[in-house]
Amino acid sequence: MKNETANRLTGLTGVAGALLFFAGDMLFYGHWGSGAKFHDGMLQVLREGSLQRLFVGGLVGPIAACLCLIGCWHVRRNVITRSPLLGRVAFLALAATMVIGSAVHALWVPRGLAIKYSGAVEGIAPELIAALKDYWYFAYQMAEVPAYVAAILLFILVLWGRTRYPRWTVFANFGVPSLLAPLAVWVPAPFGAVLVGGFTNLSIALFFFVSVMSTWKDTSA
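Positions 10 to 230 (the numbering used here) are the ones given, in order, by the sequence shown.
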């Protein structure tokens, strides 16, 4: 019973962390609209939104990352009993993704400020906006490396039956929904823009949710 409760709580904590990341995304640039018009709406929100909204959006990142790390431990519990070595590698890669992802999230604040004040800044330091954008993309690409490692390892281990997860849960692996991300631009208003802006973190929330639900009654050590 103790193991079962710990498994549930750590998994649900991961869900909460991913949803908090998503809430941060929405504070940055969330708006109702079509997926195709997301970029235009994002620029409008950043330029017209309050500084408090932008700052709070950035500050939730570290908290969300801590919650997601607990969720990563939940995944570890469900993998290492049958795949000790690769399970630990997958856990470390997943944890690294969350840590770097927190930095990526926080870096949206200076990037958002550059966009917000682009009219005043471009004439003085035209390279500033481009530099901040490039720096953010570099950090994002850093987060992608361990994310790919974790997603691929977990996909293989689940498919081979080397975890406590049913094989069908490979479809909830956060790497699988990400393949559908480009299709979000075709989603009409009002949810299209929300889906485009929060697709990554919603995929992670789904991953943790399926993880905890599919092992809800599993009390094995």
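Glycine included, C-beta positions come from ideal geometry on N, C-alpha and C.
Point to revise | Exposure of Arg-176, with buried meaning 16 or more beta-carbon neighbours within 10 Å | key: Under this definition Arg-176 is an exposed residue.
Exercise for review: Helix, strand or coil for Pro-199, going by three-state DSSP, please let me know.
Suggested key: The answer is coil: DSSP assigns Pro-199 none of H, G, I, E or B.
Check your understanding: Pairing CB atoms from the stretch 85–92 with CB atoms from the stretch 161–173, are three or more of them under 8 Å?
Key -> Yes: the two stretches touch, three or more of their Cβ pairs being nearer than 8 Å.
Review point. Beta carbon of Val-179, beta carbon of Gly-20: below 8 Å?
Key: Not in contact: Val-179 and Gly-20 (Cβ atoms no closer than 8 Å).
Practice item. Please indicate yes or no: does the CB of Ala-202 lie closer than 7 Å to some heavy atom of the ligand NAD? Key: Among the components of this structure there are no ligands whatsoever, and the ligand NAD is therefore not found.
Check your understanding: What did DSSP end up calling His-40 once you bin it into helix, strand or coil?
Key -> Of the three classes helix, strand and coil, the one that applies to His-40 here is coil, per DSSP.
Point to revise | alpha helix (DSSP H) segment containing Trp-145, residue limits | key: Per DSSP, the unbroken alpha helix (DSSP H) holding Trp-145 starts and ends at 135–168.
**Study point:** Backbone secondary structure at Ser-59 - three-state DSSP
**Key:** Ser-59 carries a coil assignment under DSSP once its states are collapsed to helix, strand and coil.
Exercise for review: Could you say which of Val-158, Arg-62, Val-154, His-114 lies nearest to Lys-142 if we only look at CA atoms?
Suggested key: Nearest to Lys-142 by C-alpha distance, out of Val-158, Arg-62, Val-154, His-114, is His-114.
Point to revise | Reduced DSSP category for Ile-109 - H, G, I as helix; E, B as strand; rest coil | key: Collapsing the DSSP output to three states places Ile-109 in a helix.
Point to revise | Proximity to Leu-68 [Cα-Cα], best of His-48, Phe-30, Gly-207 | key: Here the closest residue by C-alpha is Phe-30.
Check your understanding: Beta-carbon separation of Met-107 and Ala-74 under 8 Å?
Key -> Yes.
Check your understanding: Would you report the Cα separation of Thr-209 and Ala-112, rounded to the nearest angstrom?
Key -> Between Thr-209 and Ala-112, the C-alpha separation is close to 15 Å.
Check your understanding: Is the beta carbon of Leu-55 sitting closer than 8 Å to the one on Tyr-38?
Key -> Closer than 8 Å, so yes.
Exercise for review: Report the rounded CA-to-CA distance for Ala-202 versus Val-98, giving the unit in angstroms.
Suggested key: Taking the straight line joining both Cα atoms gives about 35 Å.
Exercise for review: Would you mind stating whether Ala-159 and Ala-102 have Cβ atoms separated by less than 8 Å?
Suggested key: Yes.
Exercise for review: Confirm, please, whether the CB-CB distance from Ile-79 to Gly-33 is below 8 Å.
Suggested key: The answer is no: Cβ separation not under 8 Å.
Check your understanding: Shortest alpha-carbon distance to Gly-44 belongs to which of Gly-26, Lys-226, Leu-192, Ile-213?
Key -> Cα-wise, what sits closest to Gly-44 is Leu-192.
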